[in-house]
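Asker: For the sequence shown, numbering that gives the first Met the number 0 gives the first residue as 0, with consecutive numbering after it. Before we start, here is the structure in question, set down as structure tokens.
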Amino acid sequence: MSESIQQLILDTLDTQGSIADTRTLVVPGTSHAATSHDAQLAILGALNSLLSREMVTYETNEVISHALTAEGAQIANEGSHEARVWSVLPLKGQGEPINPGQLKKEVGDETAKVGQGRAFKNGWIGKEGAGLVKLVMPTIFRTGNLSSGEKVLADLRKRKLIAQKKGQWFAVMKGANFSTSIAKPETDLTADMLTSGSWKTSTYKKYNFEAEGIPTSGGALHPLLKVREEIRNNFLEMGFCEMPTQSFVESGFWCFDALFVPQQHPARDLQDTFYLSDPSHSLPPQEAYYNRVKTVHVDGGFGSAGYRAPWQPEESSKLLLRTHTTASSAHMLYKLAAKCRGEDIEDDTKEFTHGAASTKDANDKTTAKVDGFRPAKLFSIDRVFRNETMDATHLAEFHQVEGVVADRNLTLADLIGFMRVFFSKMGIEQVRFKPAYNPYTEPSLEIFAFHPMLNKWVEVGNSGMFRPEMLEPMGFPKDVRVHGWGLSLERPTMIRYGINNIRTLVGHKTSIENIENSPAVMF
């Protein structure tokens with residue numbers, strides 16, 4: 000249909016030179032002029048297609064018309080409400096008056112209600128006793144076009160008997176590329192066109208260099224990665240150095256024993272830990288350190304009574320997926336204490352202690368020459384694995400953010416103050432601390448933050464001061480204290496982005512669109 004209208008327009012222009020009014024065109028396939036609204040819309044589509052090829056130009060003209068509504072059409076056929084009321088009433092003095100109840104039966108409730116009021120207002124009817132009668136013989140209905148006075152049209156529109164319609168018609172002229180052929184220009188140069196030579200005589204569509212390109216669907220960082228980078232930058236701004244944490248598989252010794260976790264602790268059971276089946280056991284750690292750790296577990300030492308429980312070497316050598324990155328922290332603290340022990344091991348801790356500002360600088364410069372200790376601030380952000388029951392805030396695999404501060408004579412107040420500053424840099428101002436128990440820290444604190452979406456306090460981390468039973472076997476001096484804390488990466492991310500179910504943040508329910516549209520996080 001569109002092509003036939005295009006051809007009609009071009010042929011008419013070819014013979015007449017221009018088209019003054021498109022309403023004079025005859026709709027293809029009929030003998031009717033294109034006066035209807037739908038016909039002019041079809042013509043507009045054809046004109047726009049020809050205009051894009053510069054074959055025609057056109058001007059738009061608007062016209063306002065009126066059409067009967069459904070109620071108006073009924074009145075045109077049957078008479079107005081007031082006329083129908085008037086027609087069933089007897090003339091005054093020439094018949095029995097009709098009461099309102101009878102009138103409703105004669106003409107219907109709606110017609111009686113509307114028509115009676117308007118007939119009274121026009122003075123056509125009146126009361127006689129308890130009934131109604133005609134008073135005059137008016138001109139009650141007149142047919143004709145709907146272009147009579149604006150006052151009359153306004154009244155009909157108000158009564159919703161007619162509806163105003165806006166129409167349009169077009170004056171059409173020839174364009175720069177006028178032709179009677181509607182063959183579409185080529186958009187691509189093909190191999191067939193080059194072979195046949197038809198490209199020489201073909202018409203090509205012009206490139207629109209002003210058109211905007213399609214937005215590229217480039218990669219987007221996951222919200223976890225955005226928050227991870229923000230937290231990492233916070234650590235670096237506070238003078239921390241990042242620890243290597245590439246060892247997803249650890250031994251029971253470094254994950255538990257070195258941290259003074261008893262070998263009978265429930266966390267070492269299969270319900271909480273994923274153990275490897277092949278290989279199932281690790282190589283032994285340094286013998287002297289291993290024996291010191293074993294002794295403090297079984298017999299005590301460094302002011303501790305120990306656990307007084309049998310030691311099982313196979314528990315120490317079991318391989319497992321690390322349950323916390325504190326295992327990596329234990330490795331680094333052991334290497335940090337090497338100089339304090341007077342041992343010459345491969346030293347990869349220089350970058351972590353070089354230039355690290357001690358909180359007790361007045362003593363460090365003297366004592367460092369004696370015991371070799373240097374303060375350190377370390378952090379890591381990496382994956383850990385636990386055999387958890389999955390729910391809205393727990394997964395079997397998650398990311399742990401861990402920080403360690405080693406210095407002389409640190410206190411619990413230092414740890415709490417640091418935690419408040421650290422979380423405020425993450426945009427979490429509502430923080431609470433609760434006393435807790437950890438085998439390797441004393442005192443210990445659980446950290447809670449308020450989740451506005453869940454409308455409750457959510458545990459976001461654990462913290463404490465490492466026990467002497469952990470630090471002194473490594474070789475640290477007695478006055479060295481170490482703050483340690485860990486928190487998940489997922490829960491602060493959920494709070495920051497208003498996510499109430501961790502399974503929509505990580506996993507198959509994650510929305511790719513939400514990842515692309517997530518704003519950059521600025522704590």
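Using N, Cα and C, we set each Cβ at its ideal position, and we do this for glycine too.
Go to W456, then tell me how far its beta strand (DSSP E) extends in each direction, as first and last residue.
Answerer: 455 to 465
Asker: Is L220 helix, strand or coil when you go by DSSP?
Answerer: coil
Asker: Pick helix, strand or coil for L43, following the three-state DSSP scheme.
Answerer: helix
Asker: For T503 versus L223, is the C-beta spacing smaller than 8 Å?
Answerer: no
Asker: If I follow the unbroken alpha helix (DSSP H) through S443, where does it start and stop?
Answerer: From DSSP, S443 is part of no alpha helix (DSSP H) but of the beta strand (DSSP E) over 440 to 450.
Asker: Taking C-alpha atoms, which residue in I380, T388, S379, R495 lies nearest to G426?
Answerer: Its Cα nearest to that of G426, the residue R495 stands out among I380, T388, S379, R495.
Asker: Would you kindly work out how many angstroms separate the C-alpha atoms of E515 and D381, rounded to a whole number?
Answerer: 23 Å
Asker: Check the C-beta distance from E305 over to V295 and give it rounded, since I have them as a contact under 8 Å.
Answerer: The sequence as given places Gly at residue 305; Glu does not occur at that position. Their Cβ separation, rounded to whole angstroms, is 6 Å, which keeps G305 and V295 in contact under 8 Å.
Asker: Does I97 come out as helix, strand or coil in the three-state DSSP assignment?
Answerer: strand
Asker: Which residues share a DSSP beta bridge with F542?
Answerer: Because residue 542 is not part of the residues shown, which for the chain are 0 to 522, the question remains open.
Asker: Along the chain, where does the alpha helix (DSSP H) containing N516 start, and where does it finish?
Answerer: 511 to 516
Asker: Taking the continuous alpha helix (DSSP H) assigned at H398, which residues delimit it?
Answerer: Note, H398: premise wrong, no alpha helix (DSSP H); beta strand (DSSP E) at 396 to 407.
Asker: What number of angstroms, rounded off, separates the C-alpha of M532 from the C-alpha of A75?
Answerer: Residue numbering for the chain in the displayed model covers 0 to 522; residue 532 lies beyond these limits and cannot be assessed.
Asker: Hey, out of S281, E401, D256, S276, whose CA is closest to A308's CA?
Answerer: When each option's Cα is compared against that of A308, the closest is D256.
Asker: Please list the terminal residues of the continuous beta strand (DSSP E) segment that includes L318.
Answerer: Per DSSP, the unbroken beta strand (DSSP E) holding L318 starts and ends at 318 to 320.
Asker: Got a sec? Which residues, its chain only, sit under 7 Å from D478 by beta carbon, not counting five neighbours each side?
Answerer: Once the five neighbours on either side are set aside, the close Cβ partners of D478 are R407, N408.
Asker: Use the C-beta contact count for Q5: other C-beta atoms within 10 angstroms, 16 or more gives buried, fewer gives exposed.
Answerer: buried
Asker: Take L394 as the anchor and find which of S279, D271, F301, K376 has the nearest alpha-carbon.
Answerer: D271
Asker: Using beta-carbon positions only, say whether S423 and L377 come within less than 8 Å of one another.
Answerer: no
Asker: Determine whether the beta carbon atoms of H65 and Q163 lie at a separation below 8 Å.
Answerer: yes
Asker: Cα separation between T59 and N207?
Answerer: 25 Å
Asker: Is Y436 helix, strand or coil by DSSP?
Answerer: strand
Asker: From the DSSP output, read off the bridge partner residues of D162.
Answerer: According to the sequence shown, residue 162 is Ala rather than Asp. DSSP, once it has assigned bridges, lists A66 as partnering A162.
Asker: Quick check: the Cα distance between P518 and V226, rounded to an integer number of angstroms?
Answerer: 11 Å
Asker: Counting along the chain, where does the beta strand (DSSP E) carrying S379 start and finish?
Answerer: 375 to 384
Asker: Decide if the region 209 to 223 is in contact with the region 43 to 57; the criterion is three or more beta carbon pairs, one per stretch, under 8 Å apart.
Answerer: no
Asker: Since E95 and P89 should fall inside the 8 Å C-beta cutoff, what is the C-beta to C-beta distance between them, to a whole number of angstroms?
Answerer: Beta-carbon to beta-carbon, E95 and P89 are separated by about 6 Å, close enough to satisfy the 8 Å threshold.
Asker: Using 8 Å as the cut-off, can you tell me whether the region 309 to 316 makes contact with the region 464 to 483, which would need three or more C-beta pairs spanning the two stretches below that distance?
Answerer: no
Asker: How many Å lie between G302 and Y333 at the Cα?
Answerer: 20 Å
Asker: List the endpoints of the continuous alpha helix (DSSP H) containing R490.
Answerer: 489 to 496
Asker: Would P467 be called buried (16 or more neighbouring beta carbons within 10 Å of its own) or exposed?
Answerer: buried
Asker: Comparing C-alpha positions only, which one of Q115, S48, G474 sits nearest to F177?
Answerer: S48
Asker: Determine the closest residue to Y288 out of G217, G100, D10, H330, with distance taken between C-alpha atoms.
Answerer: H330
Asker: Could you tell me if F247 is buried or exposed, where buried requires 16 or more neighbouring beta carbons within 10 angstroms of its beta carbon?
Answerer: exposed
Asker: Select from G92, K199, K157, K104 the residue whose C-alpha is nearest the C-alpha of G125.
Answerer: G92
Asker: Going by alpha carbons, who is nearest to E523 out of F421, P472, L411?
Answerer: Missing from the structure shown is residue 523; the chain here goes from 0 to 522 and no further.
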